[in-house]
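K.L.:
For what it's worth, our numbering labels the leading residue of the sequence shown as 92, then goes sequentially. Here it is, the structure, as structure tokens.
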Amino acid sequence: QIPDSDAAAVAARRRFAQGLAELTALAAGLGEPASAAEQGLLTGAAFKVNNFTLGYHLEDDSQLQRDYAALLTRLLKPQLGEFLKPIEKRRRGGKIRVGVASELLRLHNGAKWTYGWLSNLPRQDYEFYFYSLQGAVDALTAKMAALGTYRWLPFREATYVGALKAIRGDRLDVLIVPDIGMTVSSRIASLARLAPVQCMTCGHPVTSGSTMIDYFLSGELVEPPDGQTHYTETVVRLPNMGVRLDAGDMDPPPATRADFGLPPDRPILGSVQGLIKYHPRHDDLFPRIARDIPDALFVFVGARRQTMTDAFAARLKRAFDSHGLGFEHHVRILPFMPHTRFVQLFDALDLSLDTIGWSGGNTTAQALARACPVVTMRGRFMRSWFSHGMMRMTGLDELSVDSIEDYIALAVRLARDRDYRAGLSAKIRANKHKLFDDAECVRGLDVFFKKNA
């Protein structure tokens with residue numbers, strides 16, 4: 092779901108914090124479960140909730156995440172007991188064993204970026220283990236399986252302890268859980284000690300809160316100066332973006348506006364992030380831009396669930412109505428589309444408007460791969476700096492701003508000035524190899540593993 096308003100988002104966060112505090116107090120008064128059935132109820136409760144949407148409130152989540160992880164650990168302690176003990180590091184010598192555990196070992200940010208790291212590490216120094224906690228497969232899954240040992244470990248209430256034992260049995264040196272918080276399985280896996288060194292990455296760029304996750308693998312260009320204060324993990328600032336981006340799936344044949352049913356003669360400003368990234372406090376960004384560009388058409392892409400698309404459309408309509416502007420004239424929400432067609436959509440846009448507070452990752456990379464200028468704005472947290480890092484890598488610092496007013500002014504200029512856009516597109520084409528062919532982050536990760544594993 093997405094919040095109906097800023098007030099609704101604030102209220103949802105307040106309810107979560109209050110409920111978490113009440114459950115924590117209740118759990119503190121519980122004795123040990125009297126039976127397997129009682130423990131089964133507690134385990135079932137832990138598997139039925141997740142706080143995935145918390146990070147989209149655009150607040151500091153570190154204390155809430157810490158409390159949430161502690162509560163889940165308390166509920167599952169009878170089953171997690173053996174996995175709460177430390178693991179000694181193996182003696183030096185032999186290959187470093189690196190494992191990756193996720194329900195999303197497929198074309199997803201966390202898995203894709205982790206594969207970009209591991210596939211470029213010196214193979215003679217490493218052994219790789221991939222643990223699918225759900226079993227869904229695609230072409231990226233096959234590439235991971237070819238890189239090392241691949242195991243499908245069903246991770247549900249009745250099976251997760253066996254999955255944890257299997258991972259621990261491989262005697263890893265390092266475990267990476269790339270997307271903690273995206274799924275319940277990643278959240279619960281993060282509560283266990285399965286390797287001497289355990290890391291998370293920016294597949295879901297919000298701290299885990301777990302005392303069992305030692306490091307957050309981030310990047311020099313995507314962390315604000317006070318970034319460490321937002322994490323319970325130790326932040327590792329790998330060189331540049333911190334992740335190795337691959338443009339291999341971003342080069343389908345060119346497309347036209349007609350292919351998407353878009354008009355040929357209007358400024359088309361795309362903003363095509365997942366709808367959950369649009370915080371309602373920023374809804375009036377679009378009508379404010381439209382006031383200066385009367386013929387602007389804003390293009391969005393709907394969610395898989397029509398109810399979410401409808402809720403987002405209703406919010407935007409209220410924002411345009413409040414400015415006396417026509418929602419139907421200015422907004423087009425395209426249906427959810429396959430990956431290849433989504434990449435082609437950037438050919439039909441004059442520019443891409445990044446979401447404020449939670450910037451694009453793969454989406455911004457796809458825009459740059461198609462030479463589409465992106466307007467982005469840095470915020471308080473790393474999750475709002477990712478597009479900024481890409482602008483730095485490609486020499487497009489002028490596209491990264493620090494205020495709403497500058498964002499609007501830049502978007503208006505780009506929409507009006509065809510020559511300025513063309514110059515930026517040419518610059519992207521000339522420099523995007525610096526983003527997609529960067530190997531410095533991999534060398535940095537290699538040094539980190541060899542020092543800490």
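Ideal Cβ positions, reconstructed from N, Cα and C, are used throughout, including at glycine.
Got a sec? Which residues, its chain only, sit under 6 Å from alanine 227 by beta carbon, not counting five neighbours each side?
P.N.:
In the sequence shown, counting from the first residue as 1, residue 227 sits at position 136. These residues qualify, in order along the chain: Arg197.
K.L.:
Should isoleucine 499 and leucine 376 be called a contact, given that it needs their Cβ atoms to be closer than 9 Å?
P.N.:
The sequence position of residue 499 within the sequence shown is 408, counting from 1. The sequence position of residue 376 within the sequence shown is 285, counting from 1. Result yes, Cβ atoms of isoleucine 499 and leucine 376 sit closer than 9 Å.
K.L.:
Grouping DSSP H, G and I as helix and E and B as strand, with all else coil, what is glutamate 123?
P.N.:
Taking the first residue of the sequence shown as 1, we reach residue 123 at position 32. It is coil, neither helix nor strand.
K.L.:
Going by DSSP, what residue range makes up the alpha helix (DSSP H) through tyrosine 147?
P.N.:
In the sequence shown, residue 147 corresponds to position 56, counting from 1. Here tyrosine 147 belongs to no alpha helix (DSSP H), and DSSP marks it neither H nor E.
K.L.:
Within the same chain, show all residues whose beta-carbon is closer than 8 Å to that of arginine 423, passing over the 5 residues directly before and after it, in chain order.
P.N.:
Counting from 1 along the sequence shown, the entry for residue 423 is found at position 332. Closer than 8 Å at the Cβ level, and outside the excluded window around arginine 423, lie Leu353, Leu388, Phe389, Val390 and Phe391.
K.L.:
Among the candidates Gln170, Ala202, Asp441 and Leu145, whose CA atom is the shortest distance from the CA of asparagine 578?
P.N.:
Because the chain in this structure spans residues 92 to 544, residue 578 falls outside the shown range and cannot be described.
K.L.:
Where does cysteine 290 sit, in a helix, a strand or coil, going by DSSP?
P.N.:
For the purposes of this step, residue 290 is taken as residue 199 along the sequence shown, with counting starting at 1. Looking at cysteine 290 - three-state DSSP - the assignment turns out to be strand.
K.L.:
From arginine 233 to alanine 506, what does the alpha carbon distance come to, in whole angstroms?
P.N.:
Within the sequence shown, the letter at position 142 stands for residue 233. Within the sequence shown, the letter at position 415 stands for residue 506. The question names arginine, but residue 233 in the sequence shown is alanine. Rounded to whole angstroms, alanine 233 to alanine 506 spans 42 Å at the Cα level.
K.L.:
With a threshold of 6 Å on Cβ separation, who are the neighbours of leucine 263 within its own chain once the five nearest residues in sequence on each side are excluded?
P.N.:
Translated into the one-based positions of the sequence shown, residue 263 becomes position 172. Correct list, in chain order: Arg188, Gly190 and Ala286.
K.L.:
Using C-beta distances below 6 Å, list every residue in its chain close to glycine 135, excluding the 5 sequence neighbours before and after it, in chain order.
P.N.:
Within the sequence shown, numbered from 1, the residue matching residue 135 stands at position 44. Contacts found: Glu248.
K.L.:
What span of residues does the beta strand (DSSP E) with alanine 192 cover, start to end?
P.N.:
Looking up residue 192 in the sequence shown gives position 101. Its beta strand (DSSP E) spans residues 187–193.
K.L.:
Distance check for isoleucine 519 and threonine 485, CA to CA, integer angstroms please.
P.N.:
The count along the sequence shown starts at 1 and reaches residue 485 at position 394. The count along the sequence shown starts at 1 and reaches residue 519 at position 428. Approximately 7 Å between the Cα atoms of the pair.
K.L.:
Could you pull out every residue in the same chain whose Cβ sits closer than 7 Å to the Cβ of threonine 292, ignoring the five residues on either side in sequence?
P.N.:
Position 201 of the sequence shown, counting from 1, holds the residue named residue 292. Hits under 7 Å: Gly201, Trp204, Thr205, Ile267, Pro269 and Leu308.
K.L.:
If you check the beta carbons only, do leucine 442 and glycine 361 fall under 9 Å apart?
P.N.:
Position 351 of the sequence shown, counted from the first residue, corresponds to residue 442. Position 270 of the sequence shown, counted from the first residue, corresponds to residue 361. Going by C-beta atoms, leucine 442 is nearer than 9 Å to glycine 361.
K.L.:
I believe methionine 428 touches isoleucine 447 by the beta-carbon criterion, under 8 Å. Please report the beta-carbon distance rounded to the nearest angstrom.
P.N.:
Residue numbering aside, residue 428 sits at position 337 when the sequence shown is read from its first letter. Residue numbering aside, residue 447 sits at position 356 when the sequence shown is read from its first letter. In fact, because the Cβ distance is near 24 Å, the residues do not count as touching under 8 Å.
K.L.:
How long is the line joining the alpha carbons of aspartate 152 and threonine 298, rounded to whole angstroms?
P.N.:
Indexing the sequence shown from 1 puts residue 152 at position 61. Indexing the sequence shown from 1 puts residue 298 at position 207. Roughly 7 Å separates the two Cα atoms.
K.L.:
When DSSP builds the beta bridges, which residues end up paired with glycine 423?
P.N.:
One-based indexing of the sequence shown puts residue 423 at position 332. Note on identity: in this sequence residue 423 is arginine, with glycine being the wrong assignment. Partner(s): Val390.
K.L.:
DSSP three-state call for methionine 428: helix, strand or coil?
P.N.:
In the sequence shown, counting from the first residue as 1, residue 428 sits at position 337. Here methionine 428 sits in coil by DSSP.
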